[in-house]
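Going line by line, the protein sequences match chains F and Y. Going by my numbering, the first sequence opens with residue 3, and the numbers climb by one from there. Going by my numbering, the second sequence opens with residue 3, and the numbers climb by one from there. We treat Cβ as the ideally placed atom computed from N, Cα and C, and that holds for glycine.
Number of protein chains: 2
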Amino acid sequence: MSKSHTIRTAEIICVGTELLMGQVINSNANFLASELVSLGISSYRQITIGDNMQRLREQILASAKRSDLVVITGGLGPTSDDITMEAAAEVAGKQLELHDPSYEHIKQYYRRICRNMPQNNIKQAMIPPESIVFINKNGTAPGAMFLCNASTEDDPVHQSYLVLLPGPPSEMRPMFLEQVRPFLEKHNSARFRTEFVRLYGIGESAAEERVKDLIDAQTNPTIAPYASEGECLFRITQRIESENEADLISPIVDTFKERFGDYIYEIGGRSLKEVVFDLLFERKMTLSFAESCTAGMASSEFVDVPGSSKVLMGSIVAYDNNVKEQLLGVTADVLTDMGSVSRECAEQMAEGCRKLLNTDIAVSITGIAGPTAYGTNKPVGLVYLAISDKNGTEVSEINLSGNRMRVRRVSVLHAFNMIRKRLQ
Amino acid sequence: MSKSHTIRTAEIICVGTELLMGQVINSNANFLASELVSLGISSYRQITIGDNMQRLREQILASAKRSDLVVITGGLGPTSDDITMEAAAEVAGKQLELHDPSYEHIKQYYRRICRNMPQNNIKQAMIPPESIVFINKNGTAPGAMFLCNASTEDDPVHQSYLVLLPGPPSEMRPMFLEQVRPFLEKHNSARFRTEFVRLYGIGESAAEERVKDLIDAQTNPTIAPYASEGECLFRITQRIESENEADLISPIVDTFKERFGDYIYEIGGRSLKEVVFDLLFERKMTLSFAESCTAGMASSEFVDVPGSSKVLMGSIVAYDNNVKEQLLGVTADVLTDMGSVSRECAEQMAEGCRKLLNTDIAVSITGIAGPTAYGTNKPVGLVYLAISDKNGTEVSEINLSGNRMRVRRVSVLHAFNMIRKRLQ
Numbered sequence: 003m004s005k006s007h008t009i010r011t012a013e014i015i016c017v018g019t020e021l022l023m024g025q026v027i028n029s030n031a032n033f034l035a036s037e038l039v040s041l042g043i044s045s046y047r048q049i050t051i052g053d054n055m056q057r058l059r060e061q062i063l064a065s066a067k068r069s070d071l072v073v074i075t076g077g078l079g080p081t082s083d084d085i086t087m088e089a090a091a092e093v094a095g096k097q098l099e100l101h102d103p104s105y106e107h108i109k110q111y112y113r114r115i116c117r118n119m120p121q122n123n124i125k126q127a128m129i130p131p132e133s134i135v136f137i138n139k140n141g142t143a144p145g146a147m148f149l150c151n152a153s154t155e156d157d158p159v160h161q162s163y164l165v166l167l168p169g170p171p172s173e174m175r176p177m178f179l180e181q182v183r184p185f186l187e188k189h190n191s192a193r194f195r196t197e198f199v200r201l202y203g204i205g206e207s208a209a210e211e212r213v214k215d216l217i218d219a220q221t222n223p224t225i226a227p228y229a230s231e232g233e234c235l236f237r238i239t240q241r242i243e244s245e246n247e248a249d250l251i252s253p254i255v256d257t258f259k260e261r262f263g264d265y266i267y268e269i270g271g272r273s274l275k276e277v278v279f280d281l282l283f284e285r286k287m288t289l290s291f292a293e294s295c296t297a298g299m300a301s302s303e304f305v306d307v308p309g310s311s312k313v314l315m316g317s318i319v320a321y322d323n324n325v326k327e328q329l330l331g332v333t334a335d336v337l338t339d340m341g342s343v344s345r346e347c348a349e350q351m352a353e354g355c356r357k358l359l360n361t362d363i364a365v366s367i368t369g370i371a372g373p374t375a376y377g378t379n380k381p382v383g384l385v386y387l388a389i390s391d392k393n394g395t396e397v398s399e400i401n402l403s404g405n406r407m408r409v410r411r412v413s414v415l416h417a418f419n420m421i422r423k424r425l426q
Numbered sequence: 003m004s005k006s007h008t009i010r011t012a013e014i015i016c017v018g019t020e021l022l023m024g025q026v027i028n029s030n031a032n033f034l035a036s037e038l039v040s041l042g043i044s045s046y047r048q049i050t051i052g053d054n055m056q057r058l059r060e061q062i063l064a065s066a067k068r069s070d071l072v073v074i075t076g077g078l079g080p081t082s083d084d085i086t087m088e089a090a091a092e093v094a095g096k097q098l099e100l101h102d103p104s105y106e107h108i109k110q111y112y113r114r115i116c117r118n119m120p121q122n123n124i125k126q127a128m129i130p131p132e133s134i135v136f137i138n139k140n141g142t143a144p145g146a147m148f149l150c151n152a153s154t155e156d157d158p159v160h161q162s163y164l165v166l167l168p169g170p171p172s173e174m175r176p177m178f179l180e181q182v183r184p185f186l187e188k189h190n191s192a193r194f195r196t197e198f199v200r201l202y203g204i205g206e207s208a209a210e211e212r213v214k215d216l217i218d219a220q221t222n223p224t225i226a227p228y229a230s231e232g233e234c235l236f237r238i239t240q241r242i243e244s245e246n247e248a249d250l251i252s253p254i255v256d257t258f259k260e261r262f263g264d265y266i267y268e269i270g271g272r273s274l275k276e277v278v279f280d281l282l283f284e285r286k287m288t289l290s291f292a293e294s295c296t297a298g299m300a301s302s303e304f305v306d307v308p309g310s311s312k313v314l315m316g317s318i319v320a321y322d323n324n325v326k327e328q329l330l331g332v333t334a335d336v337l338t339d340m341g342s343v344s345r346e347c348a349e350q351m352a353e354g355c356r357k358l359l360n361t362d363i364a365v366s367i368t369g370i371a372g373p374t375a376y377g378t379n380k381p382v383g384l385v386y387l388a389i390s391d392k393n394g395t396e397v398s399e400i401n402l403s404g405n406r407m408r409v410r411r412v413s414v415l416h417a418f419n420m421i422r423k424r425l426q
């Protein structure tokens with residue numbers, strides 16, 4: 003790949019019958035689109051298409067003619083349906099050849115999981131020569147990048163980079179971030195500085211209203227709000243021509259701090275649980291959860307942070323009232339008189355958990371996740387949380403809307419946020 | 003709209019810069035795709051495109067030439083960015099005219115929310131004459147359907163239905179279900195019967211090899227394999243002209259049963275955890291988990307099944323060895339000599355948990371999820387699981403590849419599968 007040109011425009015092609023049939027949501031297009039935006043590459047089209055050789059070839063060629071880069075996901079599996087590599091190679095006028103390092107990697111993969119490699123997996127190591135090959139750390143299919151001639155009337159020597167990536171997000175995302183993105187950073191002209199302001203406890207539209215004047219007046223930097231379940235974040239992006247340009251982001255961040263105060267849990271890249279982990283880790287403090295309606299989700303989420311074993315000692319999933327009573331020491335009086343979804347129960351759960359697991363902090367969660375509120379007159383979405391440490395126990399009551407999964411997810415975020423507020 | 007033809011093929015176009023920028027996930031494409039499948043309409047392409055007049059017109063025409071139906075979502079708002087109606091009308095060679103009932107509806111909408119109608123909302127009532135207009139019960143933008151001449155070399159009188167729907171899913175979905183779908187049901191001929199065969203414990207390519215002869219010979223029914231994390235499923239689809247047609251699916255399912263035996267956990271729609279829940283619930287049995295590396299994920303996943311409180315009593319997240327020792331009764335000898343990731347530790351965890359939480363079945367999970375194997379010489383991905391009931395305790399050793407999240411997720415599936423195999 004001796005030639006090199008600037009990449010300004012891209013199209014995204016997602017290959018897979020399961021996408022065309024509506025069996026899975028296309029999160030790859032979304033991920034790649036936002037990555038391309040952050041790289042300053044304009045993408046004008048996303049296409050989803052099935053495993054049909056003729057249609058796929060036509061589509062790759064059409065996309066290559068229109069853009070400098072075509073990112074194609076899916077269809078790199080070992081089965082006869084998986085035709086993306088072959089189709090892209092044909093469009094680029096290349097033959098497939100056995101790529102020995104990839105073949106070795108696939109064989110190793112099967113050795114590691116103690117299974118025999120099915121014979122058809124050899125197909126995944128067939129790659130056009132002179133490709134850049136991307137290693138797949140989370141599966142068997144390697145990715146590849148190669149140039150494709152795609153002349154147009156306007157530009158008879160137009161070439162486009164074809165980037166082929168596996169379809170499963172758990173394989174595609176790390177491959178893109180670790181191996182494709184660094185290449186693209188070198189081959190595009192635009193530069194950006196970006197900062198994130200992350201908030202918990204305020205809704206998207208309320209948050210947006212507080213900074214509406216800034217958003218309306220934006221030119222450079224731009225300010226974009228994003229909302230995800232229970233959280234809200236702003237991305238502030240300054241387009242720069244060189245690294246020496248003045249920092250226009252910090253003054254905006256300062257204004258955000260003034261207006262949002264304690265809602266802000268992070269200026270930067272860390273998630274709420276990472277912030278909580280760092281706070282606890284710095285203080286050498288240990289943590290446990292007593293979970294009823296979330297049933298292990300808080301613990302499991304927290305453990306996503308590598309190194310969490312130094313902080314989280316363990317948790318009690320007390321789904322049944324007997325477990326609350328016998329293990330966590332919630333009194334029979336409280337369970338009978340107040341019920342398991344009550345201020346008092348949350349308090350006793352946190353205190354009992356802290357004692358039982360001998361941790362510096364314990365957080366309890368008990369609520370009604372729905373779909374119905376079995377045998378109580380309390381509303382679905384009512385959740386009590388308590389945080390207990392050597393200075394005492396504090397209870398928080400929240401009323402959440404949404405389905406069972408959302409109530410549980412937001413409860414977990416709220417638990418994390420209680421720890422942050424206690425320590426920050 | 004006097005003409006009427008059968009609708010067999012469709013394309014979906016989603017209009018919106020926020021989709022192209024990756025700011026929101028495209029759930030409309032997914033919804034519409036699965037609706038079209040259930041109507042027996044084949045869709046070969048989904049396209050996402052921005053609010054650019056020329057590109058949008060070209061795309062609508064290209065899609066109309068290739069198919070009998072083009073469903074277009076988004077870009078029906080009141081602002082100058084919203085150009086979908088105008089673009090589609092131009093492609094169809096039609097003028098926009100004020101549609102009085104729609105204009106009335108928009109004015110009413112604003113009266114209902116006690117606001118003045120902004121003047122630019124009148125634009126949303128501009129619709130080509132002779133359209134079928136869809137009322138928007140959840141917003142202001144009406145939808146519309148009209149025919150578009152889109153001659154091709156093969157078919158000089160080819161026409162395609164253009165269906166325009168608003169972008170917000172809360173407006174688009176009810177409009178489609180209540181007003182578009184009934185029309186499409188009348189104008190297409192195909193019907194399908196579908197069955198799913200769901201497997202655990204066998205990889206996608208190994209599974210496919212076992213039924214390669216069936217897949218290669220498929221015409222009707224068709225057989226399509228799908229893989230998701232740690233699981234594998236086949237969709238068998240029979241195209242029928244009427245409900246009376248002979249069942250061609252059952253013989254294929256029987257062949258699958260012969261060839262896959264115990265790998266099959268479900269013929270139908272239930273997930274693995276739902277199968278496990280049903281098995282336990284029918285037998286009035288209670289369950290608990292003792293989780294180390296999964297740290298609550300098994301319990302939390304299981305609780306996704308509504309009604310799970312009748313089966314899952316609680317769980318112990320024993321992340322730290324002290325918790326394993328003090329709560330679950332894992333002996334110091336085992337922890338010192340064998341380590342926490344060992345056959346013996348898994349066994350003692352399950353037995354201790356079953357005793358502590360007093361359940362019929364307890365399942366333990368202890369393994370090395372990565373990214374590194376802190377201070378042991380055991381490999382990342384090594385996981386021990388044990389299931390304990392009144393008949394004794396059984397241990398299973400697995401070696402998983404992939405990242406931390408995958409190791410934990412597949413471990414949870416494996417735990418569920420152990421319960422299934424014990425009971426089925």
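Listing by chain order, which chain F residues have their CB less than 8 Å from the CB of residue i?
i	result
arginine 406 (chain Y)	Asp306 and Pro308
For residue i, would you say it is in contact with chain Y, using Cβ-to-Cβ distances shorter than 9 Å as the test?
i	result
isoleucine 363 (chain F)	no
phenylalanine 291 (chain F)	yes
arginine 10 (chain F)	no
isoleucine 400 (chain F)	no
isoleucine 367 (chain F)	no
asparagine 324 (chain F)	yes
glycine 76 (chain F)	no
List, in order along the chain, the chain Y residues whose C-beta lies closer than 7 Å to that of residue i?
i	result
glycine 271 (chain F)	Ordered by position in chain Y, no residue passes the 7 Å Cβ test against glycine 271 (chain F), which lies about 17 Å from the chain.
leucine 317 (chain F)	Contrary to the premise, residue 317 (chain F) reads as serine rather than leucine in this sequence. Within chain Y, the residues near serine 317 (chain F) are Gly298 and Val319.
threonine 19 (chain F)	Ala226
Just to confirm, are residue i and residue j a CB contact at a threshold of 9 Å?
i	j	result
glycine 404 (chain F)	glycine 377 (chain F)	no
leucine 22 (chain F)	glycine 52 (chain F)	yes
phenylalanine 279 (chain Y)	alanine 417 (chain Y)	no
serine 294 (chain Y)	cysteine 355 (chain Y)	no
arginine 237 (chain F)	isoleucine 49 (chain Y)	no
glutamine 97 (chain Y)	proline 120 (chain Y)	no
lysine 139 (chain F)	methionine 177 (chain F)	yes
valine 385 (chain F)	arginine 345 (chain F)	no
leucine 2 (chain Y)	valine 305 (chain Y)	Missing from the structure shown is residue 2 (chain Y); chain Y here goes from 3 to 426 and no further.
phenylalanine 194 (chain F)	isoleucine 269 (chain F)	no
Give the interface partners of residue i over in chain Y, defined as CB-CB distance under 9 Å, in chain order.
i	result
phenylalanine 33 (chain F)	Gly24
Taking residue i as part of the alpha helix (DSSP H), name the residues at either end of that continuous run.
i	result
glycine 354 (chain Y)	345-359
isoleucine 367 (chain Y)	Where isoleucine 367 (chain Y) is concerned, there is no enclosing alpha helix (DSSP H), although the beta strand (DSSP E) it sits in stretches over 363-369.
alanine 146 (chain F)	Run containing alanine 146 (chain F): none in the alpha helix (DSSP H); it sits in the beta strand (DSSP E), 145-151.
valine 277 (chain Y)	274-284
serine 252 (chain F)	251-262
Could you give the residue range of the beta strand (DSSP E) that holds residue i?
i	result
tyrosine 46 (chain Y)	44-51
aspartate 83 (chain Y)	Per DSSP, aspartate 83 (chain Y) belongs to no beta strand (DSSP E) and is neither H nor E.
aspartate 391 (chain F)	384-391
threonine 11 (chain F)	11-17
serine 29 (chain F)	Taken as a continuous stretch (DSSP letters only), serine 29 (chain F) belongs to no beta strand (DSSP E), being part of the alpha helix (DSSP H) at 29-40.
methionine 315 (chain F)	314-320
glutamate 268 (chain Y)	266-269
glutamate 233 (chain F)	233-242
Would you mind telling me which residues of chain F sit closer than 9 Å to residue i, beta carbon to beta carbon, in chain order?
i	result
tyrosine 46 (chain Y)	Leu22, Ile51, Gly52, Asn54 and Arg57
Enumerate in chain order the residues of its own chain whose CB-to-CB distance from residue i is below 6 Å, with the five nearest sequence positions on each side excluded.
i	result
arginine 212 (chain Y)	Arg261
Kindly indicate if chain F contains any beta-carbon less than 9 Å away from that of residue i.
i	result
arginine 113 (chain Y)	no
So residue i contacts chain F; which residues on that side make the cut at Cβ distance below 7 Å?
i	result
valine 39 (chain Y)	Met23 and Gly24
Starting from the C-beta of residue i, find all residues in its chain whose C-beta is less than 7 Å away, skip the five residues before and the five after it, and write them out in chain order.
i	result
serine 133 (chain F)	Ala146, Met147 and Phe148
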